[in-house]
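Heads up, the final residue of the sequence shown is numbered 396 in my numbering, and it's a clean run with no missing numbers.
Backbone N, C-alpha and C fix where the C-beta goes; we use that ideal spot for every residue, glycine too.
Note that the coordinates shown come from a computational prediction; the quantities given were computed from them, not determined experimentally.
Following: one structure in structure tokens, then a few remarks.
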Amino acid sequence: MTRASSAMESVRAAYVHIPFCVSKCYYCDFNSYPGLESLFRDYVRAVVLEIEIAASKSGRVREAFSEHESLSTIYFGGGTPTVLPTELLEPILQALKHVFGIDRAAEVTIEANPESVDKPKVEKLRSMGFNRLSLGVQSLDDKMLERLGRIHRAQDALRAFWDARQAGFESINLDLMFGLPGQTLDHWENELRTILHLRPEHLSMYELSVEPKTPLASMVQNKSLSLPDEEAKLEMYEKAISETKSAGYEHYEVSNLALPGFRCRHNQVYWRNEPFYGFGAGATSYLARTRTRKLSNPRDYISAVFSGQEPVEYSEKLADRALLGETILLGLRMLDGIDLTDIQSAIGLDPFREFGLEIADLVRRGLVELRGSRMRVTHDGLLLLNDVSEMFVEPRICPTTSPSAEI
């Protein structure tokens, strides 16, 4: 991020969205579609073509840049990327390698649900070049999984984890959810013990969110399911943080914990508001201070790419103050905090001049703390992060979104 962003800025991260899944979970409002197997091959062809077009427009030529300019993080998210056969995933990864280059030490992540992988598949993924697996476990209780509309069971998750280990994956993330229907603190503690016994390198823990127009929202509204109250969910969150810290994990972002050396490098690109490519239906990219979201519907996306049109749903170039506010609110997700002097140097605006009243109010309320030029959220601020973030949001014509990943 520089004061004068340009088309030739250093972009070393790429997100690829695979919008397909086997079955839509009851809580899911992501850009994902079951039952579209007939589109798989055309979709992959479209993504490969989009990658090639993006490279030609940015002026990047594989032979013309060094190892230090090649991609250092790649993330395949969804949907469920592993519903695609490996022979369809491979052309996308090869296109990224051919067009942009992939750093020898790159973090290359793929999301998977337990039912979508077996031992031969994870072995193939590993040999193709994926070196980090993010498993959507969500719960190790079969009743909880049923209530969420998940189609795997606890034993599937454990099998997938050990298959990945034996296939050579030395960096595994497990996605977990708390605040589930009928869940108690004791139940959550037992689940944490089992998870920590597995010793995954990374954990992403999210409170179940009831999104409008989802089956879960209907079930909660008609009282066929009840959720834990706010106090119970807070206890679950704090128990997760204390138990994982005791087990040697670093709590480095609101919902993310890692063993030393295994923080998710790709997600840190988002939280630091650094540029990244986004490919595929519904993917967001951030280049030269411009956020662009691709067409969400896979059929529309394929049609646009094949007809030579930009597959863009919206695009917004951030003004300086909006960029400053967004950089602050994203950075405050990280428990290390942000350096306001560095941000001023990068953007060219003084954070205290633009948001001085907001910062002072947050300090007064004990939600953030300042040490020199460094600002970070306090424990209370972490629990009220949405309130903290709203202080730095500029009114916008278009919303901004992040790719799915582990955000």
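Status (buried if at least 16 other CB within 10 Å, exposed otherwise) for residue i
i, result
"Gly267", "buried"
"Lys202", "exposed"
"Val301", "exposed"
"Thr330", "exposed"
"Leu346", "exposed"
"Ser160", "buried"
"Val72", "buried"
"Ser334", "exposed"
"Gln155", "exposed"
"Trp151", "exposed"
"Glu52", "Only weak support is given to the placement of Glu52: the predicted model assigns it a pLDDT of 49, under 50, and the question is left unresolved by the model."
"Asp145", "buried"
"Gln127", "buried"
"Phe158", "buried"
"Ala398", "Examination of residue 398 is not possible in this model, given that the chain is present from -10 through 396 alone."
Where the alpha helix (DSSP H) containing residue i begins and where it ends
i, result
"Ile140", "Premise fails: Ile140 is in no alpha helix (DSSP H) and is neither H nor E."
"Leu174", "Leu174 to Leu187"
"Ser292", "Pro287 to Phe295"
"Leu78", "Thr75 to Val88"
First through last residue of the beta strand (DSSP E) which encompasses residue i
i, result
"Asn245", "Asn245 to Ala247"
"Val126", "Arg121 to Gln127"
"Leu163", "Ile161 to Phe167"
"Met208", "Where Met208 is concerned, there is no enclosing beta strand (DSSP E), although the alpha helix (DSSP H) it sits in stretches over Pro204 to Gln210."
Spatial distance of residue i from residue j (CA atoms)
i, j, result
"Asp92", "Leu129", "36 angstroms"
"Gly68", "Gly361", "43 angstroms"
"Asp31", "Ile291", "7 angstroms"
"Arg252", "Leu163", "13 angstroms"
"Gly337", "Arg188", "43 angstroms"
"Ala149", "Ser304", "38 angstroms"
"His368", "Gly168", "20 angstroms"
"Ser378", "Leu318", "5 angstroms"
"Ala95", "Leu82", "13 angstroms"
"Val5", "Tyr64", "6 angstroms"
"Leu197", "Pro204", "13 angstroms"
"Thr279", "Ile42", "18 angstroms"
"Val258", "Leu372", "23 angstroms"
"Ser61", "Ala2", "6 angstroms"
"Val357", "Met380", "12 angstroms"
"Leu374", "Ala311", "19 angstroms"
"Ala153", "Gly250", "19 angstroms"
"Leu85", "Leu28", "21 angstroms"
Which residues DSSP lists as bridging residue i, in chain order
i, result
"Leu359", "Met364"
"Thr98", "Tyr64 and Arg121"
"Thr281", "Ser274 and Ser304"
"Ala3", "Ile63 and Tyr266"
"Glu196", "Phe167"
"Phe416", "Residue 416 is absent from the model: the chain starts at -10 and stops at 396."
Minimum Cβ-Cβ distance from residue i to chain D less than 7 angstroms
i, result
"Val126", "No chain D is present in this structure, which holds just one protein chain."
Inside the region 222 to 278 only - alpha helix (DSSP H) runs reaching at least 4 residues = Entirely contained in the region 222 to 278, the alpha helix (DSSP H) runs reaching 4 residues are, in chain order, 254 to 260.
Counting only runs that start and end within the region 11 to 71, where is the alpha helix (DSSP H) found for 4 or more residues in a row?
-> Fully enclosed alpha helix (DSSP H) runs of 4 or longer: 29 to 47.
Considering only residues of the region 299 to 374, which uninterrupted beta strand (DSSP E) runs meet the minimum length of 3 residues and lie entirely inside it, listed in chain order?
-> Here the runs fully enclosed are 301 to 306, 357 to 360 and 363 to 366.
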